[in-house]
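A.B. asks:
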Amino acid sequence: MEAHVRIEGSPGSRRAVARGPLPAGTLVLCEPAAAAVLRRERWHIHCLSCWTRLPTGAPRLRCSRCRLAHFCDARCQARAWKAAHRAECAAFANLARAAAAAELDSGYVALAEDALLVGRLVRRWASLDEQARGALGALCEAPAPRLAQAELVARTAADAGLLDLPPTGGPPRVADGSSFALAAQLARAFDANNFGVLAPLGGGVLGAASFPLSAILNHSCEPTCALAHDLEAGSETDVRQAVRTIVPVRAGCELTHAYVDTSLGAARRRQLLRTGWGFECACARCAAADAGDPGERALDAPNVHDAAAERSLADASRAHAAAIACDEPAEERALLHRALRLRRQHLAPQHAHVRELHAALLACELADGNRRAARAHADELVRSARIAFGARPCASFAMLLLTAAELWSADATVDVDACARACALGCEARALLTLTHGESHPLTRQAGLRLAGVEVSHADRAKALVQE
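Residue numbers (my numbering): 1111 to 1578.
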């Protein structure tokens, strides 16, 4: 980190700045997790050790003691047992019981995993290096409305027995109350500073982790950096987070990343930041929205503000909600099309509420095997998301490009135009992922393999046309 980054400011208000000019794609930090946990709802479908999704219908190796942890095989089970599960096994069952009641009362659905994460941080505190401990200790606390939630995390960890476990690589803990004080301090800090760990090949958030050095980076709606996770080492104790520049950064400029989806409008972004992190964003992009920037306005507001537009948009929301609850595919599709038609009358194509309906219809058409209709929605998503994201390189946009490329590649062997379209989309996706994830990341490599297959089809089809 020291080679590229300088830390400025005081604890609670620090920032990371570039020591010198950094080209786009520069790896500025690769940090091992201080602690990481698999999400509670994935305990029965993912290996607790390597976090790989377990094959559906295949026999699963389950811990015979807690009966909550699952593993790929005996090797993964042995690795997990040595790393953490030997100490935590009994606490797992206690945690599930303690969290279930508290989650029901509080509505705090991530309580179990957050309590486990705090417990692991407490156990590993003594083995963390001085830089990591200093970074954790200097993090800002959770927003005031959520301090009680942080206290609940520490209390749940204590009730499950996680704070009584011996430190990693150390002697048994002395029961003097210091572990609870440390747990409460960490819970208050990481509530606004821990990270979701994304699946390497897409598929959502696998777990949560604490990366104290990365947490120094502040938010911007026009970020200079992107985050990516590496789980290839084969163990949750080896989860790493990489921070790369996605635009050229001048010496002395702040290194930032986006805490929220940057394709959302300013009002929604600010609401998420206010609720989740307790601050009002004042970045250049939000300032432009305040000044009436047309592009920002299109992401936020209807074209016309009147009672008729409000009724129409409310009707669209009801149709969308009904579609989500509907079990009949044809009726679901009709409701989604109705909601889309109403929203397109009053919202710009790049508005999140329009894009979410195209995404839902894309899923519907794919489920029915209608690839051509799905492709139309994928193309519309690419067009509208390109406007919403602007020039900001983003992995989620790259995933959209890959989806569209996959749909176009289905016709690559018979249609040279489809082949060319798939190649163009795949090339753009791979270039974006190289910036955000690096060339060696599994997602970038997968994009390259897909592109290579399409390019072969393109060459074969072009050769066939010449021969004809």
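Cβ atoms here follow ideal geometry from the backbone N, Cα and C, with glycine treated the same way.
Looking only at C-alpha atoms, which of 1341, 1127, 1162 and 1362 sits nearest to residue 1323?
C.D. replies: Cα-wise, what sits closest to residue 1323 is 1127.
A.B. asks: For the alpha helix (DSSP H) that residue 1259 lies in, which residues bound it at each end?
C.D. replies: That run of the alpha helix (DSSP H) goes 1257-1269.
A.B. asks: Over the uninterrupted alpha helix (DSSP H) stretch that includes residue 1525, give me the two end residues.
C.D. replies: Looking at the DSSP string, residue 1525 is not in any alpha helix (DSSP H), and its letter there is neither H nor E.
A.B. asks: Consult DSSP for residue 1521 and reduce its assignment to one of helix, strand or coil.
C.D. replies: Note: residue 1521 maps to coil in three-state DSSP.
A.B. asks: In whole angstroms, what is the alpha-carbon distance linking residue 1136 and residue 1304?
C.D. replies: Near 23 Å, if we compare the C-alpha coordinates of residue 1304 and residue 1136.
A.B. asks: Please list, in chain order, all residues of the same chain as residue 1163 whose beta carbon is under 7 Å from its beta carbon, the five residues on each side excluded.
C.D. replies: 1155 and 1156, listed in sequence order.
A.B. asks: Kindly give me the distance between the Cβ atoms of residue 1129 and residue 1116, rounded to whole angstroms, as I take these residues to be in contact under 8 Å.
C.D. replies: Between residue 1116 and residue 1129 the Cβ distance is about 5 Å, and since that is below 8 Å, they are a contact.
A.B. asks: Within a Cβ cutoff of 8 Å, which residues of the same chain sit near residue 1353, ignoring the five residues on either side of it in sequence?
C.D. replies: Here the set comprises 1137, 1138, 1139, 1140, 1141, 1324, 1327, 1335, 1336, 1337, 1365 and 1367.
A.B. asks: Provide the residue span of the beta strand (DSSP E) that contains residue 1124, from first to last.
C.D. replies: Careful: residue 1124 lies outside any beta strand (DSSP E) and carries neither H nor E.
A.B. asks: Three Cβ pairs or more, each shorter than 8 Å: is that satisfied between the region 1528-1536 and the region 1392-1399?
C.D. replies: Too few Cβ pairs lie closer than 8 Å, so no.
A.B. asks: Between the region 1366-1381 and the region 1404-1415, do at least 3 Cβ pairs fall closer than 8 Å?
C.D. replies: Cβ pair count under 8 Å is three or more, so yes.
A.B. asks: Sort 1114, 1536, 1543 and 1259 by Cα distance to residue 1561 and report the nearest one.
C.D. replies: Of the listed residues, the one whose Cα sits closest to residue 1561 is 1536.
A.B. asks: Work out the CA separation of residue 1527 and residue 1576 for me, nearest whole Å.
C.D. replies: In this prediction, residue 1576 has a pLDDT of 49, which is less than 50 and means its spatial position is unreliable; what the coordinates show is noted afterwards. The alpha-carbon atoms of residue 1576 and residue 1527 are separated by roughly 15 Å.
A.B. asks: Go through its chain and collect everything with a Cβ distance to residue 1429's Cβ below 8 Å, but skip five positions before and after it.
C.D. replies: The answer, listed in chain order, is 1445, 1446, 1448, 1449 and 1452.
A.B. asks: Hey, would you say residue 1205 sits closer than 8 Å to residue 1226, going by beta carbons?
C.D. replies: In contact: residue 1205 and residue 1226 (Cβ atoms closer than 8 Å).
A.B. asks: Return the first residue and the last residue of the beta strand (DSSP E) that residue 1354 is part of.
C.D. replies: Taken as a continuous stretch (DSSP letters only), the beta strand (DSSP E) holding residue 1354 covers 1350-1355.
A.B. asks: Restricting to Cα atoms, I'd like to know which of 1333, 1222 and 1271 is closest to residue 1500.
C.D. replies: Nearest option by C-alpha distance: 1333.
A.B. asks: Give the single residue among 1231, 1302 and 1244 whose Cα lies nearest to the Cα of residue 1267.
C.D. replies: Of 1231, 1302 and 1244, the residue nearest in Cα terms is 1231.
A.B. asks: Is it the case that the CB of residue 1531 approaches a heavy atom of the ligand MN more closely than 7 Å?
C.D. replies: Of ligands this structure carries none, so the ligand MN is not represented either.
A.B. asks: At what residue ranges does the region 1189-1249 contain a whole run of the alpha helix (DSSP H), taking only runs of 4 or more?
C.D. replies: Entirely contained in the region 1189-1249, the alpha helix (DSSP H) runs reaching 4 residues are, in chain order, 1196-1216, 1221-1234 and 1240-1247.
A.B. asks: In the DSSP assignment, find the unbroken beta strand (DSSP E) run with residue 1305 in it and report its ends.
C.D. replies: Start and end: 1305-1308.
A.B. asks: What does a CB cutoff of less than 8 Å around residue 1383 pick up in its chain, not counting 5 residues either side in sequence?
C.D. replies: Correct list, in chain order: 1329, 1369, 1370, 1389, 1390 and 1391.
A.B. asks: Between the alpha carbons of residue 1151 and residue 1172, how many angstroms are there, rounded?
C.D. replies: Near 15 Å, if we compare the C-alpha coordinates of residue 1172 and residue 1151.
A.B. asks: Which residue marks the beginning of the beta strand (DSSP E) containing residue 1170, and which one marks its end?
C.D. replies: Element bounds for residue 1170: n/a, residue is neither H nor E.
A.B. asks: Sort 1195, 1160 and 1167 by Cα distance to residue 1177 and report the nearest one.
C.D. replies: Residue 1195 is the option with its Cα nearest to residue 1177.
A.B. asks: For residue 1142, which residues does DSSP report across the bridge?
C.D. replies: DSSP lists 1350 as partners of residue 1142.
A.B. asks: What number of angstroms, rounded off, separates the C-alpha of residue 1175 from the C-alpha of residue 1203?
C.D. replies: Going by the C-alpha atoms only, they are around 9 Å apart.
A.B. asks: How many Å lie between residue 1272 and residue 1289 at the Cα?
C.D. replies: Cα to Cα, residue 1272 sits roughly 10 Å from residue 1289.
A.B. asks: In whole angstroms, what separates the C-alpha of residue 1147 from that of residue 1456?
C.D. replies: Their Cα atoms are separated by approximately 43 Å.
A.B. asks: Using a threshold of 8 Å, state whether the C-beta atoms of residue 1199 and residue 1182 are closer than that.
C.D. replies: Not closer than 8 Å, so no.
A.B. asks: Just verifying my parser: in three-state terms, what is the DSSP assignment at residue 1406?
C.D. replies: Three-state DSSP puts residue 1406 in a helix.
A.B. asks: Could you tell me the alpha carbon to alpha carbon distance between residue 1480 and residue 1521, rounded to whole angstroms?
C.D. replies: So the alpha carbons of these two residues sit roughly 13 Å apart.
A.B. asks: Alpha carbons only, please: which of 1492, 1517, 1519 and 1482 is nearest the one belonging to residue 1508?
C.D. replies: When only C-alpha atoms are compared, the closest one is 1492.
A.B. asks: Which value, in whole angstroms, describes the spacing of the CA atoms of residue 1169 and residue 1180?
C.D. replies: Roughly 10 Å between the two C-alpha positions.
A.B. asks: Is residue 1400 helix, strand or coil by DSSP?
C.D. replies: Helix, per DSSP.
A.B. asks: What's the call for residue 1119, buried or exposed, on a 16-neighbour Cβ count within 10 Å?
C.D. replies: Exposed is the call here.
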